[in-house]
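Below: one structure, written as structure tokens.
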Amino acid sequence: MTDKIIKDYFDGTVAADKLVEIIPGAIKDVGGSLTWVLDKNESSQTYLLTSKHIIKLCLDALNQKIKLSDLRAIALLIRGSDLFHWDSDTGDGKKVDDVICNWESPEINTPTTMDYVQYCAYYLETGEHR
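Counting in the working numbering, the sequence shown runs from -15 upward without gaps.
Right, dumping it as structure tokens:
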């Protein structure tokens, strides 16, 4: 169900508030480490993530429909899922991978602030670092 809700969010059939509702049941803090529970993808279908999908997350965070802290959880769920994929050998896939990776580990990479999310949206749209 988790994967389906994320996919439906990207497809525009589920609103941001429904997306964030799944996080408490899907992500657990166990001794300071985040663990997640995902559905097993029983089909061989996959869902190609592109910059436009991650820009949607950025815009909803910038419009305060998604909390900044939820971006980390969503990134972990996306990375851990069998459903979602991106081709990091392409320019677009590399941008998706960069942002997902940075959101997964803000303590190692860049802290997730509104300014940083705005930068991510710009980077995803243009491919330019500013």
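Every residue gets a Cβ at the ideal spot worked out from N, C-alpha and C, and that includes glycine.
Here the alpha carbon of D99 sits roughly 11 Å from the alpha carbon of Y106. Of the candidates K78, K40 and D54, the residue whose Cα lies closest to the Cα of Q102 is K40. Within the region 39 to 67, the complete alpha helix (DSSP H) segments of 4 residues or longer fall at 52 to 64, listed in chain order. Boundaries of the alpha helix (DSSP H) harbouring D(-13): T(-14) to D(-5), taken from the DSSP string. According to the DSSP secondary-structure assignment, Y31 is paired through a beta bridge with F68. A straight line joining the alpha-carbon of K(-9) with that of L67 spans about 9 Å. If you draw a 10 Å sphere on the C-beta of S35, you find 16 or more other C-beta atoms in it, and that means buried.
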